[in-house]
Amino acid sequence: MKNYYYKLVYIFSIIELLFIVIFTALMFKAFRVNVSDIITIVIGLLLLVILFVILLKIYVKNSILEPMSRMLNSPDKNYINDGVVEENDADVYRMLDYLRKKLKKANDEKKKTDTILEHMTDGVIAFDMDENVTYINFAAKRLLEIEDGKNTFKKIFGKFNDDDINLQKIIYLDTWTSYDKKVVFNDKTMELLFVPFLDEINRPVGLMVVIQDISEHEKLNEMRKEFVADVSHELQTPLTSIKGFSENLLEDECDSETQKHFLKIINDNANRMENLIHDLLTLSKFDGKRENNKPEKFDLGQLAKECSEKFEIEIKKKNIDLKCFVTAEVPLVYANRDGIERVILNIISNAVKYTPDGGKIDIYIGFVHNDAYIKIKDTGIGIPKSDVEKVFERFYRVEKARSRKMGGTGLGLSIAKEIIEQNKGTIKINSDLGQGTEVIIKIPTFNEEEG
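Residue numbers (the working numbering): 1 to 451.
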């Protein structure tokens, strides 16, 4: 670098000396020659200067610019070690090489940042102080349905009709840190985070907006609130009955028959609370991944028959025709036997409850596509098609009053679905109002290689 400095000083010294000589010559000859001679001298000197500038340009181009260009365009070649560059010019090329590496690193970092931003699920938009978009990623376009073209802060966020979403207002907040806002757009709930860009003296020079879709989070939060409300209601109802009838027993003089009646009601409600708490604890274990699933080999057909036999008294009372069929040779299944038994008992229990007197329940056990299946079909009252997909939701009842009268907690099918899915199986319900209900459960069979 030092050598080039000296060369430039030398060149400009020559130019300065040349102009001094020209000026002195003109001063001495101005009064001794005529005008035409002066013009000739000036033109000649101008031509010399032009020639000198052309030669200087060629020198700079060949000695500096072209080697620089070759060096910047050939990042892997070392011109100093290859002998292309003179040793006394090496400082310049070392500096250029350093700058080239810094530029390359900056470009690489920019590409990485752009790639990260483009593949984020959250939207990101940057604005300058004139409210023009300086950057926008794909997620932001998708979430806010922004079309390509000239977009401004007002054009993008004006659709929310919210006076608080104002660029100047947000930027000049006293805190200058961040500002968040929850909005709803096309059935999506989104959280907007506004963060100002600040310069070296902490003056705002722009604004970044991060858009996060929190629809699922809001839905889960709503479900949690509903769940707590449902649990409170389900516990309050039997507690009220227990409290009321126990007070009657304490305050009134009742005959033995009335006492037995009141005690039976208290006992039934206590059992109802016990079942509800048991179901809630079971669901809590599934939610916390604490349910120990210990699979074992067992005969699904044999288990189905054992479960159906437990309802012998109920089906005789209602004169229900319950039959169990094994449609094919079924290999042993590999699952948690206690869990599958609980599911089958729950499904058969529902079928018995909601099938009228003289009805029919058929249980089929078979094998298809490496899965054993059990199908329980009844001729009961059925479920409206609009409610079929919802029956696996916690505390969902098609007819709440009727379900409570039947003694259900509203959690049986939710637990059944959790158990079946934990055992890598599937459960499906086909039904329509007045057409009966069909429940199909598939469970993987035992694989010798896996076993």
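Where a beta carbon is used, it is the ideal one built from N, C-alpha and C, also for glycine.
Since residue i contacts residue j with CB under 8 Å, what's their CB separation in whole angstroms?
| i | j | result |
| --- | --- | --- |
| Gly-380 | Thr-355 | 4 Å |
| Phe-392 | Lys-417 | 5 Å |
| Val-453 | Asp-162 | There is no way to answer for residue 453, as the model of the chain reaches only from 1 to 451. |
| Ile-441 | Ile-427 | 5 Å |
| Ala-351 | Asn-423 | No, Ala-351 and Asn-423 are not in contact; Cβ-Cβ is about 21 Å, not under 8 Å. |
| Leu-144 | Gly-158 | Actually they do not touch by this definition, with Cβ atoms about 11 Å apart. |
| Asp-462 | Gly-206 | Nothing about residue 462 can be reported from this structure: the residues present for the chain run from 1 to 451 only. |
| Asp-378 | Ile-361 | 5 Å |
| Ile-313 | Asn-269 | Ile-313 to Asn-269, Cβ: 23 Å. No contact. |
| Leu-250 | Gln-259 | The pair is not a contact, with the Cβ atoms about 11 Å apart (cut-off 8 Å). |
| Ile-420 | Arg-342 | Between Arg-342 and Ile-420 the Cβ distance is about 10 Å, and since that is not below 8 Å, they are no contact. |
| Ile-211 | Ala-140 | 6 Å |
| Lys-318 | Asp-357 | 5 Å |
Have a look at the DSSP bridge pairing and note the partners of residue i.
| i | result |
| --- | --- |
| Asp-321 | Lys-360 |
| Thr-189 | Val-184 |
| Phe-367 | Ala-372 |
| Asp-338 | DSSP, once it has assigned bridges, lists no residue as partnering Asp-338. |
| Val-195 | Met-208 |
| Asn-430 | Glu-438 |
| Asp-252 | Asp-252 pairs with nothing; no bridge assigned. |
| Glu-296 | Ala-335 |
| Lys-377 | Asp-362, Glu-438 |
| Pro-384 | Per DSSP, none; premise fails for Pro-384. |
| Val-326 | Ile-365 |
| Thr-445 | Val-333 |
| Tyr-179 | Phe-194 |
Can you find the residues in the same chain that come closer than 6 Å, C-beta to C-beta, to residue i, ignoring five residues on each side of it along the sequence?
| i | result |
| --- | --- |
| Phe-367 | Ala-328, Val-330 |
| Tyr-459 | The chain is shown only over 1 to 451; residue 459 falls outside these bounds and no answer can be derived. |
| Ala-372 | Leu-300, Val-330, Val-333, Ile-443, Thr-445 |
| Met-273 | Pro-238 |
| Asn-359 | Residue identity differs from the one stated: residue 359 is Gly in this sequence, not Asn. Only Ile-320, Thr-379 meet the Cβ criterion. |
| Ala-106 | none |
| Val-439 | Ile-347, Ile-376, Ile-429 |
Suppose the cutoff is 8 Å on Cβ atoms and the five residues either side in sequence are ignored; what does the same chain contact list for residue i look like?
| i | result |
| --- | --- |
| Arg-337 | Glu-296, Phe-298, Leu-303 |
| Leu-459 | Outside the shown range of the chain (1 to 451) lies residue 459, about which nothing can therefore be said. |
| Phe-311 | Leu-322, Ile-348, Ser-349, Val-352 |
| Gln-435 | Gly-382 |
| Gly-425 | Ala-335, Asp-371, Ile-441, Lys-442, Ile-443, Pro-444 |
| Asp-180 | Glu-191, Leu-192, Leu-193, Phe-194 |
Here's a check: name, in chain order, each residue in its chain whose Cβ is nearer than 7 Å to the Cβ of residue i, leaving out the five neighbours to either side.
| i | result |
| --- | --- |
| Glu-218 | Thr-189 |
| Ile-471 | A question about residue 471 goes unanswered here, because the residues of the chain that appear run from 1 up to 451. |
| Thr-282 | Ile-415 |
| Ser-494 | There is no way to answer for residue 494, as the model of the chain reaches only from 1 to 451. |
| Ile-455 | Absent from the structure is residue 455, since the part of the chain shown begins at 1 and ends at 451. |
| Lys-138 | In the sequence as displayed, the identity of residue 138 is Phe instead of Lys. Within the same chain, Phe-138 has close Cβ partners Glu-118. |
| Ile-58 | none |
For a cutoff of 7 Å on Cβ pairs, would you count residue i as touching chain D?
| i | result |
| --- | --- |
| Tyr-98 | Going by chain labels, chain D is absent from the structure shown, which holds only one protein chain. |
Does the stretch 302 to 311 come close enough to the stretch 347 to 361 to have 3 or more Cβ pairs within less than 8 Å?
yes
Ranges of the alpha helix (DSSP H) found wholly within the stretch 198 to 246, counting only runs of at least 4
none
Quick check: the stretch 380 to 395 against the stretch 431 to 446, are there 3 or more CB pairs under 8 Å?
yes
Counting Cβ pairs closer than 8 Å, one from the stretch 226 to 237 and one from the stretch 148 to 159, do we hit at least three?
no
Given 8 Å as the limit, is there contact between the stretch 117 to 137 and the stretch 152 to 159, that is, 3 or more CB pairs closer than that?
yes
Does the stretch 95 to 102 come within contact of the stretch 114 to 131, defined as at least 3 CB pairs closer than 8 Å?
no
Starting from the N-terminal side, write out each stretch of the alpha helix (DSSP H) that is 4 residues or longer and does not extend beyond the stretch 95 to 173.
138 to 144, 153 to 157, 167 to 171
For the stretch 180 to 198 against the stretch 161 to 171, do three or more pairs of beta-carbon atoms, one drawn from each stretch, fall closer than 8 Å, so that the two count as touching?
yes
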